[in-house]
Each structure stands twice: as C-alpha cells, then as structure tokens.
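Student:
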Amino acid sequence: MPQDELQSGDLSHRFDYAEAFTAGLLDPGRAPPDAVSGPNGKAAVKRYAVYRNNVTVSLIDALAASFPATLRITGPDFFRAMARFHVRETPPTSPLLFEYGRDFPDFIERYDYARPMPWLADVARLERAWLDAYHAADAEPLASVALAAIPPERLADTVFVPHPATRAIRSRYPVVTIFAANRRDRPVGRIEADGPEDALVTRPGLEVFVRHLPPGGAAFLDRLMAGEPLGAAAAAAFAETAEFDLAANIAGLLQAGAITAAH
Amino acid sequence: MNGLAPSFRISKTSRFPAHPIAGLAGTSFKHEHLPVILGDGPKDGFFEVHAENYMGAGGPPHDALARIRRDFPVSLHGVCMSIGGPRPLDKVHLGRFKALVDRYEPALVSEHLAWSTHDTTFYNDLLPLPYTPATVSRVANHIDEMQETIGRPILIENPSTYVLFAESTMSETDFIGALVQRTGCGLLLDVNNVFVSATNHGYSALSYLADFPLAHVGEIHLAGHAEQADDEGDLLLIDSHDGPVADAVWKLFDIVIGRCGPLPTLIEWDSAIPEWPVLKAEAAAAQAILDHHADSHHLLGKAHAAG
Chain A
0 MPQDELQSGD LSHRFDYAEA FTAGLLDPGR APPDAVSGPN GKAAVKRYAV YRNNVTVSLI
60 DALAASFPAT LRITGPDFFR AMARFHVRET PPTSPLLFEY GRDFPDFIER YDYARPMPWL
120 ADVARLERAW LDAYHAADAE PLASVALAAI PPERLADTVF VPHPATRAIR SRYPVVTIFA
180 ANRRDRPVGR IEADGPEDAL VTRPGLEVFV RHLPPGGAAF LDRLMAGEPL GAAAAAAFAE
240 TAEFDLAANI AGLLQAGAIT AAH
Chain B
0 MNGLAPSFRI SKTSRFPAHP IAGLAGTSFK HEHLPVILGD GPKDGFFEVH AENYMGAGGP
60 PHDALARIRR DFPVSLHGVC MSIGGPRPLD KVHLGRFKAL VDRYEPALVS EHLAWSTHDT
120 TFYNDLLPLP YTPATVSRVA NHIDEMQETI GRPILIENPS TYVLFAESTM SETDFIGALV
180 QRTGCGLLLD VNNVFVSATN HGYSALSYLA DFPLAHVGEI HLAGHAEQAD DEGDLLLIDS
240 HDGPVADAVW KLFDIVIGRC GPLPTLIEWD SAIPEWPVLK AEAAAAQAIL DHHADSHHLL
300 GKAHAAG
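So the protein sequences, as listed, match chains A and B.
Using numbering that gives the first Met the number 0, read the first sequence as starting at 0 and increasing by one per residue.
Using numbering that gives the first Met the number 0, read the second sequence as starting at 0 and increasing by one per residue.
(1) Given that a residue counts as buried once 16 or more other Cβ atoms are within 10 Å of its Cβ, and exposed if not, what is residue 80(A)?
(2) Strictly below 9 Å CB to CB, what residues from chain B border residue 200(A)?
(3) Please state whether DSSP places residue 36(B) in a helix, a strand or coil.
(4) Quick check: is the beta carbon of residue 182(B) nearer than 8 Å to any beta carbon in chain A?
(5) Can you give me, in chain order, the residues of the stretch 194 to 208 of chain B that have a beta carbon less than 9 Å from any beta carbon in chain A?
(6) When DSSP labels each residue in this structure, what does residue 240(A) get in the three-state scheme?
(7) With DSSP collapsed to three states, give me the class of residue 267(B).
(8) Looking at residue 62(A) and residue 123(B), is the spacing between their C-beta atoms short of 8 Å?
(9) Using a beta-carbon distance cut-off of less than 8 Å, what residues from the stretch 219 to 231 of chain B approach chain E?
(10) Give the secondary structure of residue 42(A) by DSSP, where H, G and I count as helix, E and B as strand, and everything else as coil.
(11) Should the stretch 154 to 172 of chain B be called in touch with the stretch 126 to 136 of chain A, which here means at least 3 C-beta pairs below 8 Å?
(12) Helix, strand or coil: how does DSSP classify residue 47(B) here?
(13) When Cβ atoms are compared, which residues of the stretch 38 to 54 of chain B fall closer than 9 Å to chain A?
(14) In the DSSP assignment, find the unbroken alpha helix (DSSP H) run with residue 136(B) in it and report its ends.
(15) Determine whether the beta carbon atoms of residue 30(A) and residue 23(A) lie at a separation below 8 Å.
(16) Less than 8 Å between CB atoms is the rule here; does residue 124(B) satisfy it with respect to chain A?
(17) If we ignore side chains and look at the alpha-carbon of each, how far apart do residue 261(A) and residue 253(A) end up?
(18) Check for me: the beta strand (DSSP E) holding residue 67(A) runs from which residue to which?
(19) Let me know the secondary structure DSSP gives residue 26(A) once reduced to three states.
(20) Output needed in chain order: residues of the stretch 105 to 123 of chain A with a Cβ under 9 Å from some Cβ in chain B.
(21) Considering only the alpha carbon of each residue, which of 269(B), 250(B), 295(B) lies closest to residue 284(B)?
(22) Should residue 165(A) and residue 207(A) be called a contact, given that it needs their Cβ atoms to be closer than 8 Å?
(23) Would residue 224(B) and residue 268(B) be called neighbours here (beta carbons separated by less than 8 Å)?
(24) Tell me whether residue 271(B) is buried or exposed, calling it buried when 16 or more other Cβ atoms sit within 10 Å of its Cβ.
(25) In whole angstroms, what is the alpha-carbon distance linking residue 143(B) and residue 178(B)?
(26) Suppose the cutoff is 7 Å on Cβ atoms and the five residues either side in sequence are ignored; what does the same chain contact list for residue 222(A) look like?
(27) Is DSSP giving residue 189(B) helix, strand or coil here?
(28) For residue 5(B), which of helix, strand or coil comes out of DSSP?
(29) Could you check whether the Cβ of residue 1(A) sits closer than 8 Å to any Cβ belonging to chain B?
(30) Just to make sure I have the definition right: I need the residues of chain B whose C-beta is within less than 9 Å of the C-beta of residue 21(A). Which are they?
(31) Name, please, each residue of chain A whose Cβ falls closer than 7 Å to the Cβ of residue 164(B).
(32) Quick check: is the beta carbon of residue 133(A) nearer than 8 Å to any beta carbon in chain B?
(33) Around the C-beta of residue 31(B), are 16 or more other C-beta atoms found within 10 angstroms, so that it is buried, or is it exposed?
(34) For residue 121(B), which option in 101(A), 90(A), 106(A) has the closest C-alpha, if you only look at C-alpha atoms?
(35) Below 8 Å between beta carbons: does that hold for residue 77(B) and residue 115(B)?
(36) With a threshold of 16 other CB atoms inside 10 Å of the CB of residue 123(A), please say whether the residue is buried or exposed.
Here it is as structure tokens:
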C-alpha cells in the first residue's frame with residue numbers, strides 16, 4: 000500500500016478536507032467549513048449552499064424517480080418534504096442510486112404525517128421490489144410444459160429455482176390495486192378494493208409485471224424462494240389458508256415467468 | 000502522453016464494431032430517446048452514458064446500451080469513483096467499472112477531478128478538493144489504480160467549483176498538468192466548467208485555457224449553466240446541465256478547437272431533458288464547428304506540405 004494510503008499519525012492532517020467539507024452537507028443549520036471561501040476572501044455561505052442543495056435535491060429526486068406511485072398518491076410537496084427527512088436521516092451508502100431507498104418504506108411507516116395513509120409504506124415496498132426486478136439479472140423463464148417431464152411421485156421433492164427478478168410483497172391493504180392505479184398516466188378514480196392483496200413481481204423479459212398472488216400464494220412463494228421443495232412449500236401455504244390451490248399457484252408462477260428451473 | 004500504452008492490453012475478441020469517435024459531436028444518452036435514435040436514419044455522432052446507471056445486473060438498461068453500442072461509438076463517463084477523495088478507492092466499485100469497460104468496449108473512458116463518497120456516505124455530487132502537492136500524489140495514485148484495473152488510460156475532467164480552499168498552493172491547471180505527468184492520463188476539457196469556475200472565482204477563462212495542457216485533451220464537454228448570486232450579490236454560475244450551451248461557451252469552444260483541431264465533443268443535458276431534435280440540434284451546432292476547423296486544419300496541412 001502506498002505511503003499516502005496511511006490515514007493515521009501526522010499524515011492525516013493533509014487529508015481532512017473531506018471530513019470538514021461533509022460535516023454540513025446534510026445539515027442546513029451548520030456554517031460552511033472554515034477551510035473554504037470565495038475568491039479574495041469573499042464569503043462562502045451561498046457558495047457552500049450550492050453543494051448542500053445539489054446533494055439534498057439530487058437525492059430527493061432519486062427517491063422521486065424510484066417511487067413514482069408513492070409520489071403521485073401524496074403529491075409532490077408532501078413527498079419531497081418526507082423524502083428530505085429520509086435523506087438527512089439515512090443518506091445513501093452506495094454510489095448506485097437505484098439501490099437507494101431500501102429503508103424508505105420503513106421510514107414512511109414511522110412518518111407521522113403519513114399515518115392517515117397506512118397503505119403508503121406497502122405501496123413503496125412494491126415500488127422498491129419493482130425497481131429490483133427492473134435491474135435484476137436476465138434469465139430465461141421455465142416453460143410451463145417443462146413440469147410435465149417430472150414424474151408425479153417426484154413433484155413433492157422438486158425444487159423450483161426462482162427467476163432473479165421474482166419478488167413477493169404481502170400487504171394488509173389493496174396494494175396491487177393502488178399501485179396499478181397510480182403507475183399509469185390515466186387519472187386515478189375511486190379505488191373500490193379494501194381487502195388485503197399480496198403481489199407477485201416478475202420480469203420474464205424486459206418488462207416488469209405486477210400481479211395479484213392468490214390466497215396462500217405469498218407463503219408458498221416465500222418458501223420456494225428460500226429453497227424449500229414444492230411439498231414443504233405447499234404445506235406451509237395450506238397451513239396459512241385452506242383456500243390454497245396448489246395446481247393454480249404452480250401454473251400461475253410458471254405463466255408469470257417467476258421460475259427458471261425445476262430439479 | 001507518456002509511455003503507458005505498451006502495458007495496456009487490447010481485447011482481441013470484440014463483441015461490438017469499433018466505431019471511430021474522432022472528430023464527432025455526440026450527446027448524453029437518455030432512454031426516452033432510444034426509439035427515435037434507432038429510427039433516426041443516418042447513424043452519426045456518439046453517445047455518452049454515466050457508468051453507474053449501467054451497474055445493475057441486467058434488464059432494460061443493458062439492453063438499451065447494447066443496442067446503442069452496436070450502432071454508435073460510446074463514451075463511458077464515471078461519476079462516482081471519488082478519485083479526488085482522501086479515502087482509498089472502493090474496490091467493489093472499481094470491479095464493477097472494469098466489468099462495464101470489458102462488456103461494452105467504449106471508445107472513451109472518463110472520470111472527474113472530484114469526490115462524492117466519504118467514509119460510508121455517498122453524497123451524489125462532485126465535491127471539490129484542495130490543490131496541493133499532497134493531493135496531487137493522492138489523486139495520481141487513484142488514477143494509476145483505476146487505469147491499471149481497467150487496463151487502459153482514462154480522461155480526467157476539470158471540475159466546476161463554487162468555493163476555494165485556503166490550503167491550496169497550486170493552480171487548478173498546474174494540478175491537472177501534474178496529474179498528466181504522473182499518470183499518463185488524458186484529459187476531458189469541460190468548456191462550460193471552465194467558464195463557470197472562471198466566473199465564480201473572478202479569473203479569465205482564456206488565461207485558464209492558455210495554461211491548460213491542451214495537447215492531452217481527448218474529449219470536450221459542453222453544457223448549459225444557470226445563474227445565481229453569491230453572498231456579495233455577484234454572479235454565481237451553477238453547472239446545471241439543464242439547458243442549451245451559452246454563447247460565451249460556444250465562443251470558447253471555437254477557440255479551443257481552433258487550437259487543438261477537432262476532438263470528440265459531447266453536449267451534456269441531464270435534467271429538464273428536451274425532445275430529441277433539440278438535443279440533436281445542439282450536437283449539430285458543435286459538429287459544424289468541428290467540421291469548420293477540420294477543413295481549415297486540412298487546408299493548413301496542405302499549405303505546409305506544398306511549401
């Protein structure tokens with residue numbers, strides 16, 4: 000490692016500019032660092048504020064781009080105020096902005112002003128899953144007919160390999176209906192659904208799809224994604240609800256492109 | 000440039016056509032323009048992409064970039080390597096960057112003289128650094144590490160800045176010249192950044208250009224800026240990339256190309272993105288200046304040959 004890599008001892012004072020510069024970037028109450036100024040000793044309050052503004056506004060914009068339905072539900076002023084709190088509390092740790100916002104749904108759940116919209120955090124969870132599916136690795140989904148090659152007596156021990164884009168989101172609210180209504184350009188009418196909805200997110204090709212999961216479907220898919228065989232996953236789904244329809248769920252997952260292999 | 004080239008390997012198994020970029024004007028690539036770009040008749044110019052937007056595993060971003068790369072030269076512009084920061088480079092990020100270079104074989108690869116990550120926080124802005132012999136050494140090590148990792152030289156871009164560091168002991172042009180000497184890197188001259196910084200710090204853009212190591216420039220950036228005021232009420236320019244290139248920046252560009260000859264030139268437009276014809280027209284205006292100087296360099300060459 001080169002000498003300059005050392006961070007301790009008498010070398011460190013050369014490199015503390017980043018420490019001083021970042022101290023006030025997410026804190027509008029702090030004065031600009033002493034180390035900077037304008038030319039000829041001009042003040043740096045507004046000059047430093049350019050950086051602070053770039054940081055805060057660009058990160059709020061990143062959340063707005065990743066959570067468009069959440070923004071549409073709350074309106075831009077509400078969303079940007081909420082996102083500003085989150086940016087200051089939990090700034091990104093990765094330079095990949097499409098990774099940012101994993102903690103945003105939990106923040107929304109705790110955010111006082113969002114309490115009258117208890118479904119909002121789940122809509123954000125579904126949007127986060129949508130973005131993960133969008134960037135997930137490409138893979139060829141398993142054709143529905145491939146299952147016919149497995150002898151019936153081996154089905155219970157068969158393990159399904161989920162597509163890298165596959166996600167399940169559970170909700171006590173009609174999250175799929177609310178999401179779908181707010182990710183379109185059309186005006187949002189009155190949403191009649193009021194029961195719980197679980198979502199299946201897939202991306203068999205280039206387009207991300209969001210579907211309803213039938214009763215027990217989320218429990219079934221959660222177990223499959225954990226690597227459990229069909230028999231154990233089906234048992235878990237039946238334990239959750241007697242309405243669980245094994246054949247329909249398997250057909251639904253295959254038809255949605257949620258599975259890449261069965262073995 | 001110094002003798003870097005022999006140590007760099009050139010891939011023998013190209014997945015894409017070579018598509019020369021010399022003397023071309025190009026634009027930032029925005030996904031909403033993809034259908035019209037691919038249906039737009041002549042495949043001229045080039046496209047530049049921000050590397051970080053293509054660091055996901057798969058999906059539509061890679062599909063779009065591969066389609067663009069098949070028909071056009073592509074410039075890969077890193078925004079987040081934090082080369083100007085005090086901390087060691089992020090090895091995971093370096094690995095991702097190398098994978099992109101290997102996958103898309105870009106005509107140009109560039110990064111910024113700036114930093115954006117400190118400790119565990121990513122600030123998503125191009126933050127400034129003091130110009131001292133110690134920071135030259137640190138930044139040069141980072142450029143060496145990046146060039147060795149990806150196996151080819153990179154272009155380093157001059158920043159737009161709003162503040163100065165009291166501890167700076169070197170001019171920005173001397174600092175950049177020292178990086179070229181130490182690392183053999185090339186330079187990306189952002190003419191809008193020159194104009195923005197010169198205005199913000201009260202120096203002449205022309206004297207900055209006179210001191211800049213123009214012989215090492217491999218690409219030009221042009222962009223729009225916005226106007227604000229500093230604490231004293233004086234004009235403070237913001238590098239906003241949200242509008243057309245200013246007249247004063249076009250004039251500086253004309254002067255630079257007159258001195259350097261035609262160089263790959265990018266119109267950067269990253270927010271309030273216009274319809275494709277507006278962006279394309281800005282690139283056409285840059286191409287006209289490049290072509291004008293290509294002709295006069297050509298004539299000049301002939302005159303010398305005849306004499």
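Backbone N, C-alpha and C define an ideal beta-carbon position, used for all residues, glycine too.
Tutor: For this structure:
(1) exposed
(2) Within chain B, no residue comes near residue 200(A); the closest Cβ sits about 13 Å away, beyond 9 Å.
(3) helix
(4) no
(5) 199, 200, 201, 202
(6) coil
(7) strand
(8) no
(9) In the structure shown, chain E cannot be found, because the protein chains are A and B.
(10) coil
(11) no
(12) strand
(13) 51, 52, 54
(14) 132 to 149
(15) yes
(16) yes
(17) 11 Å
(18) Taken as a continuous stretch (DSSP letters only), residue 67(A) belongs to no beta strand (DSSP E), being part of the alpha helix (DSSP H) at 67 to 73.
(19) coil
(20) none
(21) 250(B)
(22) no
(23) no
(24) exposed
(25) 10 Å
(26) 231, 232, 235
(27) strand
(28) Because residue 5(B) carries a pLDDT of 37, less than 50, the predicted location of this residue cannot be relied on, and the following value inherits that uncertainty. Helix.
(29) Here residue 1(A) scores only 42 on pLDDT, less than 50, and its place in the model is too uncertain to base an answer on.
(30) 117, 118, 120, 122, 126
(31) 16, 34, 35
(32) yes
(33) exposed
(34) 90(A)
(35) no
(36) buried
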